[in-house]
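Data first, discussion second: the structure below is written as structure tokens.
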Amino acid sequence: MSKRLYYDDSFLYEFDGEVVEVIPPSAANARSGIVLDQTAFYPTSGGQVHDTGWMTPVSGGEEGKLRVSEVAETENSRVVHYIEAEKPPEKGSRVHGAIDPERRRDHMQQHSGQHVLSAAFVRLFHMPTVSFHMGEEYCSIDLDAPAVTPEQIVAAEKLANEIITENRPVGIRFVTPEEARDLGLRKVPPIEKDKLRLIEIRDFDLTACGGTHVQSTGQIGCILVRKLEKVRQGWRVEFVCGERAISTARHDYTVLTEAAVLFSSHIWDVPQQVRKLLDEAKGSRKGREQLLEEVAELYARHLLAETPESNGRKLIVRVFSDRDAVFIKLLAQKLTRLDSRAVALLGTSSGQASLVFAQSPGQPFDMGGLMKDAMAKLGGRGGGSKDLAQGGVPQPAGIEAMVEELRAKLSAI
Ligand SMILES: [Zn+2]
């Protein structure tokens, strides 16, 4: 068992320790693991992620400085420091440990901020926190509540920031489980231990926790609540504290400004501008669809007028290079609706090369069957009913010859 120096002092960034075990690299972990008799490094646990830093052999000087890239806790409560080194320090040697202070400060801000925010949800709305997650970009808590409104989020965020502004002392206490029972903790850990470590925010929150924390709430800086999302066990509230809150807000502002410049508007008017643009896009799409219908109808009338009748049918064959598949299908439908004698073999080489075959109801051919044969020959995919079929082919080459071949075949019947 390693003595955890951060239990008493989260601001202890440097320390000396003795190597009590060296775990050689394995298939599961390519790095050497070092266990010390005591450490200020925090291992990933309780929702908080591990510290990083450096380890230097006391006798070796600066050139022996080794990077500690991960710190983990084992089942028997040892703290393992993973280092990237070909020659790890030997068992029994002494090392000087130094944790990355910026990363530690960020983790303290997030974790203490979480305690304040969780307590605010309990105080205001009796919503307990059931889990805490600290990520690289944001943190989250899951609230056990049937519903959480945006107004409640704003109220909890406001109370949490008031507690930060009041700069209340944050203390560490150790008590027995019996003593803890009478203290009315916000959260009691499920594991039975001889001593419980409590984090107390004066006159606001008292909870069992093994994490690293600020000395007073002012050091959290601020809390910015972001996304609210329904999850299986309740509601997930995303938030960021301290410097992360500032950098996140800075990022949001930059993105919003970029959008506002495109609209030549104030950032607060961006949603309204986007809504307006979407409405306009919807309107112009409708207008375009209507025009396309009219063009297809006029074009169909023109084709029917210029096509002579033969064997009681008007066989219309055409391949377009400037119309897409949507248009030729529309045209086929217009042709067969406007004239009961229409048989249309249409194709397009523009965009996705396609074919559309159609006949007016009562005409004798099988368009689905013809399309299947054509696709087999052209290496495409398609099919349809007796009166209307369509297919797409990988290459436009061959479309022209295919419809001409079918023109000859159908004209002879
Ligand atoms: Zn905690």
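With the first letter of the sequence shown counted as 1, position 213 gets the number 212 in numbering that gives the first Met the number 0; the numbers rise by one all the way through.
Positions of the beta carbon are idealized from the N, C-alpha and C atoms, including for glycine.
Given the structure is predicted, the values throughout are model-derived calculations rather than measurements.
**Q.** Residues bridged to P56 (per DSSP)
**A.** V94
Q | 6 Å CB neighbourhood of S44 in its chain, flanking five on each side removed | A | Taken in chain order, the residues that qualify are E72.
(Q) Quick check: what's the CA-CA separation for Q37 versus I22? (A) 17 Å
Q.
If you reduce the DSSP assignment to three classes, tell me which class E279 lands in.
A. helix
Q: Give the single residue among E101, V67, S410, M107 whose Cα lies nearest to the Cα of P413.
A: Not covered by the structure: residue 413. The range shown for the chain is 0 to 412.
Q. In whole angstroms, what separates the C-alpha of G382 from that of I327?
A. 16 Å
Q) Taking 8 Å as the cut-off, is the CB of G414 close to at least one heavy atom of ligand 1? A) In the structure as shown, the chain begins at 0 and stops at 412. Residue 414 is therefore absent and cannot be evaluated.
(Q) So if DSSP puts G381 in a beta bridge, which residue, or which two residues, is it bridged to? (A) G390
Q) Can you list, in chain order, every residue whose CB sits closer than 5 Å to a heavy atom of ligand 1? A) In chain order, the hits are C208, G210.
Q) Can you name, in chain order, every residue of its own chain whose Cβ lies under 6 Å from the Cβ of L329, other than the five neighbours on each side? A) A295
**Q.** Member of A388, L35, A146, L223 whose CA lies at the smallest distance from the CA of G91
**A.** L35
Q.
Whole angstroms are fine: how far does the CA of L182 sit from the CA of E150?
A. 31 Å
Q. Taking contact to mean at least 3 C-beta pairs separated by less than 8 Å, is the region 208-223 in contact with the region 111-122?
A. yes
Q. Does the beta-carbon of G378 have 16 or more other beta-carbons within 10 angstroms, so that it is buried, or is it exposed?
A. Label assigned to G378: exposed.
Q: Sort out for me which residues DSSP pairs S130 with in a bridge.
A: Answer by DSSP bridge pairing, in chain order: D141.
(Q) Comparing C-alpha positions only, which one of S117, A407, R122, R3 sits nearest to T128? (A) S117
Q | Cβ neighbours of R300 in the same chain (closer than 7 Å, five flanking residues each side left out) | A | Result list for R300: L337, in chain order.
Q. Per DSSP, Y5 forms a beta bridge with which residues?
A. Looking at the DSSP assignment, Y5 forms no beta bridge with any residue, so it has no partner.
**Q.** Contacts around A343, its chain only, beta-carbon distance under 6 Å, and the 5 residues preceding and following it disregarded
**A.** I315, A331, L334, A357
Q. Would you call the CB atoms of Y6 and R103 closer than 9 Å?
A. no
**Q.** Inter-stretch contact at 8 Å, needing at least 3 Cβ pairs: the region 248-258 / the region 153-164
**A.** no
**Q.** Chain-order list of residues whose beta-carbon lies under 6 Å from that of K192 (same chain, five-residue window excluded)
**A.** none
Q | Whole-number beta carbon distance between T347 and F319, since they are thought to touch under 8 Å | A | 5 Å
Q) Buried or exposed: G52, going by 16 or more other Cβ atoms within 10 Å of its Cβ? A) buried
Q: Please go through the same chain and pick out, in chain order, the residues whose beta-carbon is closer than 8 Å to the beta-carbon of D15, but skip the five residues on each side of it.
A: V57, R93, V94, H95, G96
Q | Terminal residues of the beta strand (DSSP E) in which G241 lies | A | Segment 241-262 is the alpha helix (DSSP H) holding G241; no beta strand (DSSP E) there.
Q | Distance, Q394 Cα to A304 Cα | A | 32 Å
Q) Between K226 and the rest of its own chain, which residues show a CB-CB distance below 6 Å, the 5 nearest in sequence each way excluded? A) E237
Q. Does the separation of the CB atoms of F203 and R167 fall below 9 Å?
A. yes
Q) Measuring CB to CB, does E178 end up less than 9 Å from A119? A) no
Q. What's the gap between the Cα of P270 and the Cα of E83?
A. Near 49 Å, if we compare the C-alpha coordinates of E83 and P270.
Q | DSSP-derived helix/strand/coil call for Q113 | A | helix
Q) Can you give the Cα-Cα distance for G134 and V48, rounded to whole angstroms? A) 8 Å
Q) Span of the beta strand (DSSP E) holding A26? A) No beta strand (DSSP E) contains A26, which DSSP labels as neither H nor E.
Q: Kindly indicate the opening and closing residues of the beta strand (DSSP E) around V79.
A: 78-82
Q. Excluding the five sequence neighbours on either side, which residues of its own chain have a C-beta within less than 7 Å of the C-beta of T256, listed in chain order?
A. Taken in chain order, the residues that qualify are I266.
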